[in-house]
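Residue 1 is where the sequence shown starts when you use full-length UniProt numbering, and the numbers rise one by one after that.
Glycine included, each C-beta is placed from N, C-alpha and C at the ideal position.
Step one of this worksheet: look at the structure below.
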Amino acid sequence: MHSKSPLIIHEKEGADGYGPAFATAVPKCPATYRRPPAVNAGRTIEGAGVAHANFAPSAGKPRGSEDYSENFSDYTLLQQHVLFWDRDNDGVITPIDVWVGFRDLGFNIPTCLLACTVIPFAFSYGTVMQHSYFPDPFFRLYVDGMHKAKTCTQHGSDSGVYDSEGRFIPQRFEDIFANCSARKDNTLTFREVFDLMSRNRCAVDPFGWIASFFEWVTTWMLLADDGKVHKEDLRRVYDGSLFWDIREKRRSGEGWKQGWGPGGDGFIGYRKRIGIHL
């Protein structure tokens, strides 16, 4: 007979208390021990497992980016994520808008060219389906159809933080750091980001592999701080609030002092080494 582990296990989560009164890992699947869920997310986040429509809470920020999300409370989190690129607030993002937005964030010219080509080509038709079955000849993206793009281009390497309607699922966000941050310090190294992509990767899904790689590499190029991505920065990327702050800092002359280059702000490695904009 096979020995059985108890169905109910009281697991100590840390010095601050205990986890749930049920098993979150089993011996016959060692990966469940290596990748624990964020069992205490519900302590500080109301409805941690429920999709939040218009703000992005985390354990450290249970109300999310309050002023920002209140200002854009009529939009889903996925829509808030892309509003930075809607320069004239007409609900339409053109390839030129994508170019300008990435330049405003400090990305170099090759990266901006890649972004303004790949993003509209990959996601335009999904957003158009909110209005028509015919593709947009100018590859524009429609803000009110972002959830359609999410559904149509759902790929296997998706982290699942946004649901199919563009809402934010706090539990999935917390799980990223519970699963992947070896130091449990709310940061991710590049290796841990790569492991996250590999963990979510599905077989025979080349679009998903490429999309996930592009998303996470551009995030790394924007956020890396001494070799790590910090949790609060990543949360603010998901709700889009960080983009506005980065642009403001660059325009004010203060500059954005994070990121990995060579970027538009002259970063090579983790520090600025070139005194001109590329």
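LEU188 has VAL229 as its beta-bridge partners, per DSSP. Between the alpha carbons of PRO36 and ALA122 lies a distance of about 33 Å.
When the alpha-carbon of GLY101 is set against those of ARG247, GLU254, GLY255 and GLN258, the nearest one is in ARG247. In terms of Cβ geometry, TRP260 and TRP220 form a close pair [threshold 9 Å]. Your pair LYS148 and THR187 does not check out as a contact, with CB atoms roughly 34 Å apart and the cut at 8 Å. Put simply, the region 69-81 touches the region 237-244. At least three CB pairs are less than 8 Å apart.
For TRP220, the enclosing alpha helix (DSSP H) starts and ends at 206-223. In the three-state DSSP reduction, TYR162 falls in the strand class (E or B). A Cβ-Cβ separation of about 13 Å leaves PRO120 out of contact with VAL143 under the 8 Å criterion. For PRO57, the CB contacts under 7 Å within the same chain, skipping 5 residues up- and downstream, are ILE45, ARG63, GLY64 and PRO170 in chain order. Residue pairing for HIS52: DSSP places it in a beta bridge opposite PHE168. Residue ranges of uninterrupted beta strand (DSSP E) with 3 or more members are absent from the region 58-126; none lies entirely inside it. Taking C-beta separations shorter than 7 Å and ignoring five residues to either side along the sequence, the partners of TYR33 in its chain run ALA25, following chain order. Rounded to the nearest whole angstrom, the CA to CA distance from LYS249 to PHE107 is 14 Å.
Judged by DSSP secondary structure, LYS249 falls within the alpha helix (DSSP H) whose first and last residues are 241-252. Scanning LEU223, VAL128 and GLU215 for the CA closest to the CA of VAL118 turns up GLU215. In the DSSP assignment, ALA31 falls within the unbroken alpha helix (DSSP H) covering 31-34. A check of alpha carbon separations from VAL217 across ALA203, PHE190 and ARG201 identifies PHE190 as the nearest. The alpha carbon of ALA48 has as its nearest neighbour, out of PHE168, ALA115 and LEU196, the alpha carbon of PHE168. 9 Å or more divides the Cβ of ASP158 from the Cβ of CYS180. Looking at TYR125, ASP88 and ASN200, the one whose alpha-carbon comes closest to that of PRO137 is TYR125.
Of the candidates PHE72, ASP67 and ASN40, ASN40 places its Cα closest to the Cα of GLY60. Listed in chain order, the non-local C-beta contacts of VAL229 below 6 Å within the same chain comprise LEU188 and LEU223, local neighbours out to five positions each way being set aside.
The C-beta separation of TYR75 from ASN54 comes to about 7 Å, placing the pair in contact by the 8 Å criterion.
Its chain contains PRO135, ASP136, TYR142 and GLY145 as the residues whose beta carbon lies nearer than 7 Å to that of VAL128, once the 5 sequence neighbours on both sides are disregarded; these appear in chain order. Look at TYR238 here: in three-state DSSP terms it is helix. Look at VAL143 here: in three-state DSSP terms it is helix.
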